[in-house]
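Here is the structure we will look at, set down as structure tokens.
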Amino acid sequence: MFPAEPRFPPSICLRVTRRCNAACSFCQAPNTDRSTLTLGEMDVIGAVLESRDLSTIKLSGGEPTTRSDLPRIVTAFGLRGIKPVVITNGFRIDAPVFGALRAVDGELKFSVHRPGPDNDLVLRVSSFPRILANMEAARALRVPFSINAVVAPGDADRMKEMAAFAVEQGARKISFVPVVPRGRARARPEFEFDAPGVADVRDRVVELAADLEPYIVVRCIDIRKHDYWVIENDGSLWIERSRDEDDVLIMEKNQLMALGGRIRR
Numbered sequence: 005m006f007p008a009e010p011r012f013p014p015s016i017c018l019r020v021t022r023r024c025n026a027a028c029s030f031c032q033a034p035n036t037d038r039s040t041l042t043l044g045e046m047d048v049i050g051a052v053l054e055s056r057d058l059s060t061i062k063l064s065g066g067e068p069t070t071r072s073d074l075p076r077i078v079t080a081f082g083l084r085g086i087k088p089v090v091i092t093n094g095f096r097i098d099a100p101v102f103g104a105l106r107a108v109d110g111e112l113k114f115s116v117h118r119p120g121p122d123n124d125l126v127l128r129v130s131s132f133p134r135i136l137a138n139m140e141a142a143r144a145l146r147v148p149f150s151i152n153a154v155v156a157p158g159d160a161d162r163m164k165e166m167a168a169f170a171v172e173q174g175a176r177k178i179s180f181v182p183v184v185p186r187g188r189a190r191a192r193p194e195f196e197f198d199a200p201g202v203a204d205v206r207d208r209v210v211e212l213a214a215d216l217e218p219y220i221v222v223r224c225i226d227i228r229k230h231d232y233w234v235i236e237n238d239g240s241l242w243i244e245r246s247r248d249e250d251d252v253l254i255m256e257k258n259q260l261m262a263l264g265g266r267i268r269r
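Residue numbering for the sequence shown follows this note's numbering, beginning at 5 and increasing consecutively.
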């Protein structure tokens, strides 16, 4: 753990649950316990993050929409001036979630990995028509959304089609995420990228970004290159890296919560 309180980044991910309604073979979430933070605990954490000038909270999981109180979580962070971004597989977004996001200028980030019904093969659940319906609902309600697309070795040729799909659906951004050997993906050697494979993904992102600049933002999220700050479902704060064994524990839940008792005014 860090010997002193670190400088917080402007954006942090919060896993609001470990439950999920899909079973992606390359799921990179860590194998933590099934504990969850209460709304009260999240409110304390929200106060801590607000006092550290956090601008964005990415509400993730598991699948955050499996929490019936997700609208209240969205609202709680939004009212603190922290933009909530719900990272979701996109097939179970209830009206109250849309309403809460719209009320606090929040966003959705759809995790979609193939631009058609074969996305169901990735999620291992029949869902693509519902994903499209929820993207349509987001457009109608003017809730901004973007798309995350995990890229596995051998999938780079799909990237152009995925980017075109994102433009067609009205996404403001698409982020390509080269899979890393974490979580469930760690046990699958077919998900192990070599250096030239990752470089190819990055090069294609540069090309797509230039070609589609008037229509959509295209970027690469590669935690081989950047630390990823996460508050786990048990309340501990970590820096996640490309392999589980390289993760760094910053502070336990009780230490994070204790910061709420000495908030800078």
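Just so it is clear, CB atoms sit at the ideal spot from N, CA and C, and this is done for glycine as well.
Which residue from Ser29, Glu45, Ala160 and Gly85 puts its Cα closest to that of Leu260? Reading the sequence shown from its first residue, position 256 is the one you call residue 260. Ranking the options by Cα distance to Leu260, first place goes to Glu45.
Using the Cα positions of Ala167 and Tyr219, report the straight-line distance between them to the nearest angstrom. By one-based count along the sequence shown, residue 167 stands at place 163. By one-based count along the sequence shown, residue 219 stands at place 215. Distance from the CA atom of Ala167 to the CA atom of Tyr219, rounded to whole angstroms, is 10 angstroms.
Of the residues Leu41, Ala153 and Ala213, which one's Cα is nearest the Cα of Leu63? As a working mapping, residue 63 is identified with position 59 in the sequence shown. With respect to the C-alpha of Leu63, the residue from Leu41, Ala153 and Ala213 having the closest C-alpha is Leu41.
Completely contained beta strand (DSSP E) runs for the stretch 111 to 187, where each covers 3 or more residues: If only uninterrupted beta strand (DSSP E) runs of at least 3 residues are considered, those enclosed by the stretch 111 to 187 are 111 to 115, 149 to 155 and 177 to 182.
Is the shortest distance between the beta-carbon of Ala160 and the beta-carbons of chain C less than 8 angstroms? The structure shown has no chain C; it contains just one protein chain.
For the beta strand (DSSP E) containing Lys229, list its first residue and its last residue. Position 225 of the sequence shown, counting from 1, holds the residue named residue 229. Judged by DSSP secondary structure, Lys229 falls outside any beta strand (DSSP E); it is assigned neither H nor E.
Should Thr79 be counted as a contact of the ligand FAD given a C-beta to heavy atom distance under 7 angstroms? In terms of ligand content, the structure shown is empty, and the ligand FAD therefore cannot be addressed.
Rounded to a whole number of angstroms, what is the C-alpha to C-alpha distance between Gly50 and Ala80? Here residue 50 corresponds to residue number 46 of the sequence shown, with the count starting at 1. Here residue 80 corresponds to residue number 76 of the sequence shown, with the count starting at 1. Between Gly50 and Ala80, the C-alpha separation is close to 8 angstroms.
Compare the C-alpha of Glu217 against each of Val89, Arg76 and Lys177 and name the closest. Taking the sequence shown and counting its residues from 1, the one referred to as residue 217 is at position 213. Nearest of Val89, Arg76 and Lys177 to Glu217, Cα basis: Lys177.
Contact set for Val221: own chain, Cβ-Cβ below 7 angstroms, skip 5 residues either direction: Counting from one through the sequence shown, the residue named residue 221 turns up at place 217. Counting only Cβ-Cβ distances below 7 angstroms, and skipping sequence neighbours, we find Arg176 and Lys177.
Which one of Phe95, Arg162 and Arg19 has the shortest CA to CA distance from Val181? Walking along the sequence shown from the start, residue 181 turns up at place 177. When each option's Cα is compared against that of Val181, the closest is Arg162.
Can you tell which of Asp251, Glu165, Glu67 and Gly103 has its C-alpha closest to the C-alpha of Ile91? Sequence index remark: in the sequence shown, residue 91 carries index 87 (1-based). Checked all of Asp251, Glu165, Glu67 and Gly103; the closest Cα to Ile91 is Glu67.
For a quick check, are the C-beta atoms of Asp124 and Ser130 less than 8 angstroms apart? Within the sequence shown, residue 124 is the residue found at index 120, counting from 1. Within the sequence shown, residue 130 is the residue found at index 126, counting from 1. The criterion of a C-beta distance shorter than 8 angstroms is satisfied by Asp124 and Ser130.
Below 7 angstroms CB to CB, which residues in the same chain sit around Pro10 once its five sequence neighbours on both sides are set aside? One-based indexing of the sequence shown puts residue 10 at position 6. Contacts found: Ile254.
Evaluate Arg38 with the Cβ neighbour count: other Cβ atoms within 10 Å of its Cβ, from every protein chain shown; 16 or more gives buried, anything less gives exposed. Mapped onto the sequence shown, residue 38 falls at position 34. It is exposed - the Cβ of Arg38 has fewer than 16 other Cβ atoms within 10 Å.
Decide if Asn258 is buried, meaning its Cβ has at least 16 other Cβ atoms within 10 Å, or exposed. Residue 258 sits at position 254 when you count from the first residue of the sequence shown. So Asn258 ends up on the exposed side.
Using the Cα positions of Arg223 and Val116, report the straight-line distance between them to the nearest angstrom. As a first step, residue 223 must be located in the sequence shown, where it is residue number 219. As a first step, residue 116 must be located in the sequence shown, where it is residue number 112. Approximately 15 angstroms between the Cα atoms of the pair.
Span of the alpha helix (DSSP H), counted from its first residue to its last, around Thr79: Taking the first residue of the sequence shown as position 1, residue 79 is located at position 75. Looking at the DSSP string, the run of the alpha helix (DSSP H) that includes Thr79 is Leu74 to Gly82.
DSSP on Arg19, reduced to helix/strand/coil? Indexing the sequence shown from 1 puts residue 19 at position 15. In the three-state DSSP reduction, Arg19 falls in the strand class (E or B).
Contact the stretch 11 to 31 vs the stretch 126 to 145: 3+ CB pairs below 8 angstroms: Two segments are said to touch when three or more pairs of C-beta atoms, one from each, lie closer than 8 angstroms; by this definition the stretch 11 to 31 touches the stretch 126 to 145.
Out of curiosity, what's the CA-to-CA distance linking Cys17 and Arg208? Counting from 1 along the sequence shown, the entry for residue 17 is found at position 13. Counting from 1 along the sequence shown, the entry for residue 208 is found at position 204. Distance between the alpha carbons of Cys17 and Arg208: 26 angstroms.
With DSSP collapsed to three states, give me the class of Glu9. Stepping through the sequence shown from its first residue, residue 9 is reached at position 5. DSSP places Glu9 in coil when its eight states are reduced to three.
Residue closest to Asn93, alpha-carbon to alpha-carbon, out of Cys31, Gly110, Pro13 and Val108: Within the sequence shown, residue 93 is the residue found at index 89, counting from 1. Looking at the Cα atoms, Cys31 is the closest of the given residues.
With Ser39 as the anchor, note down where its beta strand (DSSP E) starts and where it stops. Position 35 of the sequence shown holds residue 39. Careful: Ser39 lies outside any beta strand (DSSP E) and carries neither H nor E.
Over what stretch of residues does the beta strand (DSSP E) that includes Leu241 continue unbroken? In the sequence shown, the residue the question calls residue 241 occupies position 237. Residues Leu241 to Glu244.
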